[in-house]
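In what follows, a structure is listed as structure tokens, so that the remarks can point back to it.
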Amino acid sequence: MCLRFTDRSPPEFKDRFWEIRQMVEEWNSNMKLNFRPGWVTCLDESMMIWTNKWTCPGWMFVLRKPNPFGNKWHTICCGLSSILFSVLLVEGKDKPRQMPGGEV
């Protein structure tokens, strides 16, 4: 048995992130409905460490980061509670050329 982060079928177009896209969308939607951040927020670029570029879609090398290998995320946290309430995966060159509904 395998842990899955989606109940969606693979898309007909090439999307290397289809298995986590639903989880990210649900996280952001849930936080938007149930969390109200304070007046202080912190927007940041974060790296999820991954050292093998052949097994990681969207793998990047960002020299200025302390851990420069992996996936890059744009995140925003509440400065008062330290709760992360929105994430956006930086897809880079692996971003699908065409998304459903004409999104690019």
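The numbering used here applies: residue 321 is where the sequence shown begins, and numbers increase by one.
Note that CB positions come from ideal geometry on N, CA and C, so glycine has one too.
Predicted model only: the values in this text are computed from it and were never measured.
Tell me the DSSP bridge mates of residue i?
| i | result |
| --- | --- |
| residue 407 | 395 |
| residue 378 | Note: residue 378 sits in no beta bridge, so no partner. |
Nearest to residue i by alpha carbon, out of the options?
| i | options | result |
| --- | --- | --- |
| residue 347 | 405, 410, 409 and 359 | 405 |
| residue 339 | 328, 409, 385 and 333 | 328 |
| residue 402 | 337, 355 and 343 | 355 |
| residue 341 | 378, 396, 382 and 400 | 378 |
| residue 371 | 333, 350, 387 and 398 | 387 |
* **alpha helix (DSSP H) runs wholly inside the stretch 324 to 367, at least 4 long, in chain order** => Correct list: 338 to 354.
* Asked: Contact between the stretch 353 to 365 and the stretch 386 to 395: three or more CB pairs below 8 Å?
  -> Segment contact: the stretch 353 to 365 against the stretch 386 to 395, three or more CB-CB distances shorter than 8 Å; contact assigned.
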